[in-house]
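Visitor: Have a look at the structure that comes next, please.
In the numbering used here, the protein residues as written are 405 to 681.
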């Protein structure tokens, strides 16, 4: 955060997830005249105004949002601050609750702040996909320079895969989101390994003619990628999480060996059961 302030002129806006929703982190975000938008976490109390004032509306997808004003932090907290609370209700999913310190709803509309946070969430999903697809659990380098190089290289590969996926999806007349980037990369990786094993590097370059323009590159990609379809690349349909099954107590039965042994020891101490038994 300090490095960002040294490089960027203020005021700056910090957008963060729910783990940053506490009085310490929000104070750090708001230092030097900056502002924040964080996702709410119930570990920090939100106290509405004594006379609640609310507004509501709908986002671009028709989902209802409601906003009100209050304090982040309980009454005893010295560093509590006045904030807005914006709640976006999503059918079939948990609501998204945002806490911005931008109090002017006319100047900073709720729809804009929701769109901003959801865009940040999309960026986070990109990094999550990069981590899963390219198996970044094992880092190439541990120095700052090595980490930056790895990030830049993986972003380049990710963008190339998105282009390949888009052309494959267009040829199959289906949305690109229905094709798994990870499964597509598995086949691309396998084919690249086979190519480097079968074709010596000096003989590889003459196989690919230079492409003079973006238009001809698009035509070539369409021609090459249109016939290479396999249903194996399809994503599995999303599964909604099932509610946990309620556990019913069984009367008259011991449900734990520990309880059985504890009861036996207690009976021995009280003389109900003799050690000989």
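For every residue, glycine included, the Cβ atom is placed at its ideal position computed from N, Cα and C.
Remember, predicted model here, so these are calculated numbers, not experimental data.
Would you tell me roughly how many angstroms separate the C-alpha atoms of residue 457 and residue 472, rounded to the nearest one?
Guide: Each residue's Cα considered, the two are about 6 Å apart.
Visitor: Contact defined as beta carbons within less than 8 Å: I believe residue 506 pairs with residue 512. What is the distance between those atoms, to the nearest angstrom?
Guide: Residue 506 to residue 512, Cβ: 4 Å. Contact.
Visitor: Would you mind giving the Cβ-Cβ distance between residue 440 and residue 430, rounded to the nearest angstrom? I have them listed as a contact below 8 Å.
Guide: Their Cβ separation, rounded to whole angstroms, is 6 Å, which keeps residue 440 and residue 430 in contact under 8 Å.
Visitor: Touching or not, the region 518-527 and the region 492-509, by the rule of three or more beta carbon pairs under 8 Å?
Guide: Result yes; three or more Cβ-Cβ pairs closer than 8 Å.
Visitor: Rounded to the nearest angstrom, what separates residue 562 and residue 534 at their Cα positions?
Guide: If I take the Cα positions, the gap works out to 7 Å.
Visitor: Which term fits residue 636, buried or exposed, when burial requires 16 or more other beta carbons within 10 angstroms of its beta carbon?
Guide: With fewer than 16 Cβ atoms within 10 Å of its Cβ, residue 636 is classed as exposed.
Visitor: Determine the direct distance from the alpha carbon of residue 438 to that of residue 414, and round the result to whole angstroms.
Guide: Distance between the alpha carbons of residue 414 and residue 438: 7 Å.
Visitor: Do residue 491 and residue 470 count as a contact pair if the criterion is CB distance below 7 Å?
Guide: Contact flag set, yes.
Visitor: How long is the line joining the alpha carbons of residue 595 and residue 556, rounded to whole angstroms?
Guide: For residue 595 and residue 556, the distance between alpha carbons rounds to 23 Å.
Visitor: Leaving out five residues on either side along the sequence, give the residues of the same chain with a beta carbon under 6 Å from the beta carbon of residue 538.
Guide: Within the same chain, residue 538 has close Cβ partners 558.
Visitor: Can you tell me whether residue 666 is buried or exposed, with buried defined as 16 or more other CB within 10 angstroms of its CB?
Guide: The residue in question, residue 666, is exposed, as its Cβ has fewer than 16 Cβ neighbours within 10 Å.
Visitor: Between which two residues does the beta strand (DSSP E) harbouring residue 525 extend?
Guide: That residue, residue 525, is in no beta strand (DSSP E); its alpha helix (DSSP H) goes 514-537.
Visitor: Can you tell me whether residue 440 is helix, strand or coil according to DSSP?
Guide: Residue 440 falls in the strand class under three-state DSSP.
Visitor: To the nearest angstrom, how far is it from the Cα of residue 682 to the Cα of residue 598?
Guide: Outside the displayed range of the chain (405 to 681) lies residue 682, so it cannot be described from this structure.
Visitor: Kindly list the residues whose CB is nearer than 6 Å to the CB of residue 451, restricted to its own chain and excluding five residues on each side of it in sequence; keep chain order.
Guide: 474 and 475.
Visitor: For the beta strand (DSSP E) that residue 631 lies in, which residues bound it at each end?
Guide: Run containing residue 631: none; DSSP gives neither H nor E here.
Visitor: Can you give me the C-alpha to C-alpha distance between residue 416 and residue 478, rounded to a whole angstrom?
Guide: Residue 416 and residue 478: Cα-Cα distance of roughly 27 Å.
Visitor: Please classify residue 589 as buried or exposed, where buried requires at least 16 other C-beta atoms within 10 Å of its C-beta.
Guide: That one is buried.
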